[in-house]
Amino acid sequence: MWSHISLTYFPPYFLSNRSSGSNFQAFLVVFSMSYANGSIKAIMYAFGANLGIALAKGFAAWYTGSGAMLAETIHSFADCVNQILLLLGLRRAKLPASEEHPLGYGKAIYFWSFIVALMLFSMGGIFSIYEGVHKMMHPEMPEAPWVAVGVLAVSVLLEIGSLKGALSEVKKFRGRRSLLKWFRQSRQSELIVVVGEDLAALLGLSLALLAVLATIMAANPLFDALGTIAIGVILVLVAVAVGIEVKSLLIGESADPETVSALRDFLSGRPEIEQVYNLITLQLGTELMISAKVKMKEMSAALPLIDDINRVEAALRTSFPQVRWVFFEPDVRD
């Protein structure tokens, strides 16, 4: 269940050695079958870590009265809800196509990812800023602050484990791309959200730990309030960045550049096709819609032309299992 390789990046060997036939196709089938499994694995890493962290921080916030700890507690519980919503989105995305939704429900995961970004912005960021301002206006020293320090230190370690697990899944998708480039080009909104949440959580925990330590050393609750506000600002910035990327997916994006290039190379290499005029792709969750305008080599009779198109479509679906809809337009000029 947890094995995971991605169809979004093709190593040069597989692109330049299509003569390997069955090996190349088997490789792509593994890509497609494991696409969602890696996302589920990353989500479950985050859920398990955040649930344990939320319970520990909730106890510490109640025991110490730390505003930074309370902000982190709310953030962690919100993250748990976020992961449940992402799992719901992945499940909804698998619903079959219907008359009302002829292209299926693949974009459902984008909708729920956008909802998660909104929750990260509101329940995490805005609430933390509010709590920090409140603490600044009504300062009070937290009780038993060393309890908070211990919980935060353990939470940092757990969050590092969660982030490491998510990044290991991302690594299977991004190939030789940098993490930032993958973030901008990825069509997997659920992984974008998980990585964004983990990064925000790790930064927030580190700030909360520094805020509590500064409060202890200076005997000044102002540092606790400032730490809480800083956590809120980080969450807002991360939520906005994630929201912008997911919004673009909701509007409609093509497949990632590597996949588009591989599709064009595949069609150009088919013996039935003389020239590829235009190729349009649309990412629908884990599935793809393709529209191709091409010049076929056999154009003299209708039936041979239809047979050639059917062969190309069948081969395309075999080599690229995530392609669900193919619209072919034969023409003699662009």
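When you line the sequence shown up against my numbering, it's residues 2 to 335, in that order. Glycine included, each C-beta is placed from N, C-alpha and C at the ideal position.
- In the structure shown, residue 140 falls within a coil segment according to DSSP collapsed to helix, strand and coil.
- Considering only 273, 324, 226 and 286, the residue with the shortest C-alpha distance to residue 307 is 273.
- Put simply, of 181, 188 and 196 the residue whose alpha carbon is nearest the alpha carbon of residue 45 is 196.
- For residue 157, same chain residues with a beta-carbon under 8 angstroms away, outside a window of 5 residues either side, are 203, 206, 207 and 210 in chain order.
- With a 10 Å radius around the Cβ and a threshold of 16 neighbouring Cβ atoms, residue 295 comes out buried.
- Taking the CA atoms as reference points, residue 254 sits about 40 angstroms from residue 154.
- Distance from the Cα of residue 59 is smallest, within the candidate group 50, 75 and 89, for 75.
- Contact between the segment 216-231 and the segment 176-185 is absent, with fewer than three C-beta pairs closer than 8 angstroms.
- If you ignore the 5 residues before and after residue 188, its C-beta comes within less than 8 angstroms of the C-beta of 9, 250, 254, 256, 257 and 284, all in its own chain and listed in chain order.
- Shown here, residue 289 sits in a strand according to DSSP, grouped into three states.
- Spanning the alpha carbons of residue 270 and residue 277 requires a straight line of approximately 10 angstroms.
- DSSP places residue 254 outside both helix and strand once states are collapsed to three, so it counts as coil.
- Distance check between residue 121 and each of 173, 83 and 320 places 83 closest, using alpha-carbon atoms only.
- Straight across, the Cα-Cα distance linking residue 79 with residue 220 is about 31 angstroms.
- Pairing residue 118 with residue 194 gives a Cβ-Cβ distance under 8 angstroms.
- When rounded, the separation of the alpha-carbon atoms in residue 201 and residue 237 is 9 angstroms.
- Taking a 10 Å sphere around the C-beta of residue 42, we find 16 or more other C-beta atoms and assign the residue as buried.
- From the listed residues 310, 316, 323 and 327, the smallest Cα separation to residue 281 is found for 327.
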